[in-house]
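Asker: With the numbering used here applied, the sequence shown covers 224 to 786. From the three backbone atoms N, C-alpha and C, an ideal C-beta is built for every residue, glycine too. Small disclaimer: the values here were computed from a predicted structure and weren't measured.
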Amino acid sequence: MKRIASIWLPQLAIERWAKSSDLSPDAPVVLTVEGAHGPVIHAVTQAAAERGARAGARLTDARALDPTLIAIPADPEGDTALVERLVKWVGRWSPLVEVDGDGFRLDLTGVAHLFGGEKRLVRDIRRGFARIGFTTRMAIAPTVAAAWALARFGPSLLEGEGGSSRGLRKGEGARPPFSPSRRSASLSRPLPQGERDSTAMLAPLPVSALRLDPETVRTLERLGLKTIGALIDVPRLALARRFRGAEDVVDALDRALGRKPEPLTAAPADPPPRALLKLEEPATHPEAASQALEQLIPALVRELERRRLGARRLSLTGYRVDGSVAVAAVATAISSREPNHLQRLLADKAAALNPEFGFDAFALQAEWTEGLGAAQESLVEEPSGERELARLVDRLTVKLGPRAVRRPQAEESHLPERASGWVAAINSSPSSLREGDRSKSGGALPRRAKLPHHPSDGSLPRASLTNNPQRLLDRPEAIDVIYATPEGMPRRFVWRRIVHDISRVEGPERIAPEWWRQPSSTRLRDYYRVEDAEGRRYWIYREGLFGDGRVNAPSWFIHGLFG
Numbered sequence: 224m225k226r227i228a229s230i231w232l233p234q235l236a237i238e239r240w241a242k243s244s245d246l247s248p249d250a251p252v253v254l255t256v257e258g259a260h261g262p263v264i265h266a267v268t269q270a271a272a273e274r275g276a277r278a279g280a281r282l283t284d285a286r287a288l289d290p291t292l293i294a295i296p297a298d299p300e301g302d303t304a305l306v307e308r309l310v311k312w313v314g315r316w317s318p319l320v321e322v323d324g325d326g327f328r329l330d331l332t333g334v335a336h337l338f339g340g341e342k343r344l345v346r347d348i349r350r351g352f353a354r355i356g357f358t359t360r361m362a363i364a365p366t367v368a369a370a371w372a373l374a375r376f377g378p379s380l381l382e383g384e385g386g387s388s389r390g391l392r393k394g395e396g397a398r399p400p401f402s403p404s405r406r407s408a409s410l411s412r413p414l415p416q417g418e419r420d421s422t423a424m425l426a427p428l429p430v431s432a433l434r435l436d437p438e439t440v441r442t443l444e445r446l447g448l449k450t451i452g453a454l455i456d457v458p459r460l461a462l463a464r465r466f467r468g469a470e471d472v473v474d475a476l477d478r479a480l481g482r483k484p485e486p487l488t489a490a491p492a493d494p495p496p497r498a499l500l501k502l503e504e505p506a507t508h509p510e511a512a513s514q515a516l517e518q519l520i521p522a523l524v525r526e527l528e529r530r531r532l533g534a535r536r537l538s539l540t541g542y543r544v545d546g547s548v549a550v551a552a553v554a555t556a557i558s559s560r561e562p563n564h565l566q567r568l569l570a571d572k573a574a575a576l577n578p579e580f581g582f583d584a585f586a587l588q589a590e591w592t593e594g595l596g597a598a599q600e601s602l603v604e605e606p607s608g609e610r611e612l613a614r615l616v617d618r619l620t621v622k623l624g625p626r627a628v629r630r631p632q633a634e635e636s637h638l639p640e641r642a643s644g645w646v647a648a649i650n651s652s653p654s655s656l657r658e659g660d661r662s663k664s665g666g667a668l669p670r671r672a673k674l675p676h677h678p679s680d681g682s683l684p685r686a687s688l689t690n691n692p693q694r695l696l697d698r699p700e701a702i703d704v705i706y707a708t709p710e711g712m713p714r715r716f717v718w719r720r721i722v723h724d725i726s727r728v729e730g731p732e733r734i735a736p737e738w739w740r741q742p743s744s745t746r747l748r749d750y751y752r753v754e755d756a757e758g759r760r761y762w763i764y765r766e767g768l769f770g771d772g773r774v775n776a777p778s779w780f781i782h783g784l785f786g
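1. Exposed or buried, glycine 666, counting other C-beta atoms within 10 Å across all chains shown (16 or more means buried)?
2. Thinking just about the alpha-carbon of each residue, which of Tyr750, Asp771, Ala776 and Gly772 is nearest to the one in glycine 783?
3. What does alanine 549 pair with, by DSSP beta-bridge criteria?
4. If we call anything under 7 Å between Cβ atoms a contact, is aspartate 703 one with arginine 715?
5. Does the stretch 574-587 come close enough to the stretch 502-517 to have 3 or more Cβ pairs within less than 8 Å?
6. Taking 6 Å as the limit between beta carbons, can you name the residues of its chain near arginine 286, skipping five residues before and five after?
7. Histidine 637 by DSSP, collapsed to three states: which one?
8. Any idea if arginine 535 is buried or exposed, counting beta-carbon neighbours within 10 angstroms, 16 or more meaning buried?
9. In angstroms, rounded to a whole number, what distance separates the CA positions of leucine 428 and valine 306?
10. Hey, out of Phe327, Trp645, Ala304 and Pro742, whose CA is closest to arginine 630's CA?
11. Can you look up leucine 784 in the DSSP assignment and give me helix, strand or coil?
12. Given alanine 554, which residues of its chain have a CB within under 6 Å of its CB, disregarding the five upstream and five downstream residues?
13. Here's the rule: buried if 16 or more other CB atoms are within 10 angstroms of the residue's CB, otherwise exposed. What is leucine 532?
14. Assign proline 736 to one of three DSSP states: helix, strand, or coil.
15. DSSP has aspartate 703 in a bridge; who is on the other side?
16. Which residues share a DSSP beta bridge with lysine 501?
17. Assign glutamate 438 to one of three DSSP states: helix, strand, or coil.
18. Could you tell me if arginine 290 is buried or exposed, where buried requires 16 or more neighbouring beta carbons within 10 angstroms of its beta carbon?
19. For leucine 519 versus alanine 498, is the C-beta spacing smaller than 7 Å?
20. Given arginine 670, which residues of its chain have a CB within under 6 Å of its CB, disregarding the five upstream and five downstream residues?
21. Does DSSP classify proline 484 as helix, strand or coil?
22. Going by DSSP, what residues sit across from threonine 283 in a beta bridge?
23. What did DSSP end up calling valine 774 once you bin it into helix, strand or coil?
24. Measure the CB-CB distance between valine 616 and leucine 568 and report whether it falls below 7 Å.
25. State buried or exposed for lysine 572, treating a residue as buried only when at least 16 other CB atoms are found within 10 Å of its CB.
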């Protein structure tokens, strides 16, 4: 079941103002914004509310009741910026957080148990906001719309939950000012778990809790439909006949009750590290990008150091005066923020950017970053072999291209031709550059079984041949076995029209077909390590067995050569 939390900061404007104000918290202060007919009150302190001031009223009307009101311009943009800055901080309670006006909505599905349950999570969120000086009202429900409505119009979720005595901001369904307690609060009402619970808790709330526009709310109230419960009882067809905006009302009701989905979207991630250089005059000379790079790299490195990041992929973008762009991109094998190395990688590509009608701006951006803390390589600052190897890979890749600089990589397969492959070295981890990759499952490469070898002259087994050949053929080549013992041991074979008499043989080593990726008609293989009379060693195998029920007889192939 989905669990959505809505966190509302009902006194955001006043509490943010109070943090930077020298006025007494008991001063009758109102924050105002410009309206069509003069200043309009945006938020009020507790003292101003007690003197009759309310959010949404004109300042002249409020001062007619109390001329001592102190009017201060509000800063809605600053309030919005603060909420957006808090998104990452709120992410401590959920990986999916979204700004919701003067609050947040969080997807708590599968999260609450990490905090000891929803009740403890609610208390933890309230204490967290109280520590940074903000009052919260919150609700948890199966839908976004229900959580929003309950947080702003429902009864308090926690005993003592509400706003500080400093004031109240204008908001949908804002309650009279309340006095929060910073003590550990207990839940004063249950948390809705399904549509039935949501319906029961939403029923007494006003229809404005459905986030309808004011005109629709007034129309519903004129029709006598003042609560969500009254709206639920009206048949949809009758609702559609009675007024024009019924479709929006039905959609809002369905979202609140979970009959229509309303997904959350993740908050935007931090923008990638970026350095920007604007030119006073368009630059048309070929060295423009290279000269810009000399200023951009130090600026980008400072930003990377501030965030404790290293770059894995960089892009230099030149913005031309005609609206087109030119881009040069490089990648690194390991994260780096060393200015000289990054300059060396980008220098040639920057010089190749064509200014055409002229560049008027440049941007250097780290498209892909990884964490990179501060580290000293050695007392005498001698680079480690691992880092030097990565730098070499970077330089070769820039010169030759990623397809020309590759390394072997182990794959999860028992078949020799699939057990390894080639990947671009630039995409490798530092350890894989030095030692070669482990299997994707995290373990070592599969070990082959050690089977006894059988000399053809009947003598005792000698030391085992090397398990794997030094050279593996790209494709197994068919061979003709002229003679084999009843046990299946090869004694002579023809390869490329040359007869080879076998003096030593070791095996078999059986490899079954990979049934999950090969057709059922694929036959198993028996591998042998053999040595001919001239001392040359081969890796051959028989595909299939006699009497295995297949129509065709087993086939023989050579797959590799030993040194």
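Answerer: On the basis of the supplied data:
1. With a pLDDT of 34 at glycine 666, under the threshold of 50, the modelled position of that residue is not reliable, and no figure is offered here.
2. It is Tyr750.
3. In the DSSP output, where bridge partners are listed per residue, alanine 549 has Gly541.
4. Not in contact: aspartate 703 and arginine 715 (Cβ atoms no closer than 7 Å).
5. Yes: at least three Cβ pairs fall under 8 Å.
6. Same-chain partners within the cutoff: Leu292.
7. DSSP, read as helix, strand or coil, puts histidine 637 in coil.
8. Its Cβ being crowded by 16 or more others within 10 Å, arginine 535 is buried.
9. Computed Cα separation, rounded: 27 Å.
10. Looking at the Cα atoms, Trp645 is the closest of the given residues.
11. Correct three-state label for leucine 784: strand.
12. Excluding sequence neighbours, alanine 554 sits near Arg536 and Ile649.
13. Taking all protein chains shown into account, leucine 532 has 16 or more neighbouring C-beta atoms within 10 Å of its C-beta and is therefore buried.
14. Proline 736 falls in the coil class under three-state DSSP.
15. Residue pairing for aspartate 703: DSSP places it in a beta bridge opposite Val717.
16. Lysine 501 pairs with Ala584.
17. Helix, per DSSP.
18. Here the sequence assigns proline to residue 290, which means arginine is not the residue at that position. So proline 290 counts as exposed.
19. Yes, Cβ-Cβ distance for leucine 519 and alanine 498 is below 7 Å.
20. For arginine 670, the pLDDT reaches just 38, beneath the cut-off of 50, and the residue's location in the model is therefore unreliable, leaving the point undetermined.
21. Three-state DSSP puts proline 484 in coil, outside helix and strand.
22. None; threonine 283 has no bridge partner.
23. Secondary structure at valine 774: coil, using DSSP grouped into helix, strand and coil.
24. Contact: no.
25. Taking all protein chains shown into account, lysine 572 has 16 or more neighbouring C-beta atoms within 10 Å of its C-beta and is therefore buried.
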